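S.K.: Residue numbers (the numbering used here): 184 to 296.
A virtual CB, placed ideally from N, CA and C, is assigned to each residue, including glycine.
Just so we're clear, the structure is a prediction, and the values are computed from it rather than from any experiment.
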């Protein structure tokens, strides 16, 4: 996966800040998890990265390219929602590897996740 840079991202819904001035970098090849209490902005941030929400302020860069105005289908991103069980009949590992298999990622790389 390409380097992901989140720079001063803010998203408001009315007077409520779903994300407030968030900045972090995930280097190429890193596996990232967002962890925090309910309502802290994890899902909002994922939706911003995926392109399902538009940021009010800040930049999202994937591979050094600003994707703020790139539609979701052109971003080459994937995410696993708060409930890992996209497919309840599969275990955690198989749920996580599902997207990797769809992208035809080598089995050894899948197993390293």
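1. Using CA atoms only, rank isn't needed, just tell me which of 239, 278, 229, 220 is closest to residue 197.
2. Taking residue 238 as part of the beta strand (DSSP E), name the residues at either end of that continuous run.
3. Starting from the C-beta of residue 260, find all residues in its chain whose C-beta is less than 8 Å away, skip the five residues before and the five after it, and write them out in chain order.
4. Which of the three DSSP states is assigned to residue 260 in this structure?
5. Verify whether the separation of the beta carbon atoms of residue 207 and residue 189 is less than 8 Å.
6. In angstroms, rounded to a whole number, what distance separates the CA positions of residue 269 and residue 277?
7. By Cβ distance below 6 Å, which residues in the same chain neighbour residue 283 in space, the five residues on each side in sequence not counted?
8. Once you ignore the five residues that flank residue 184 on each side, which residues in its own chain have a CB closer than 7 Å to its CB?
9. Please work out which residues of its chain come closer than 7 Å, Cβ to Cβ, to residue 256, disregarding the five sequence neighbours upstream and downstream, and give them in chain order.
10. Taking the alpha-carbon of residue 254 as reference, which of 191, 230, 219 has the nearest alpha-carbon?
11. Would you report the Cα separation of residue 223 and residue 288, rounded to the nearest angstrom?
M.R.: In short:
1. 239
2. Residue 238 -> no beta strand (DSSP E), and no H or E assigned at all.
3. The beta carbon of residue 260 sits closer than 8 Å to those of 232, 233, 234, 245, all from its chain and outside the five residues before and after it, given in chain order.
4. DSSP, read as helix, strand or coil, puts residue 260 in coil.
5. yes
6. 10 Å
7. Within the same chain, residue 283 has close Cβ partners 293.
8. Apart from sequence neighbours up to five positions away, the residues of its chain that approach residue 184 with a beta-carbon distance below 7 Å are 211, 212, ordered along the chain.
9. none
10. 230
11. 32 Å
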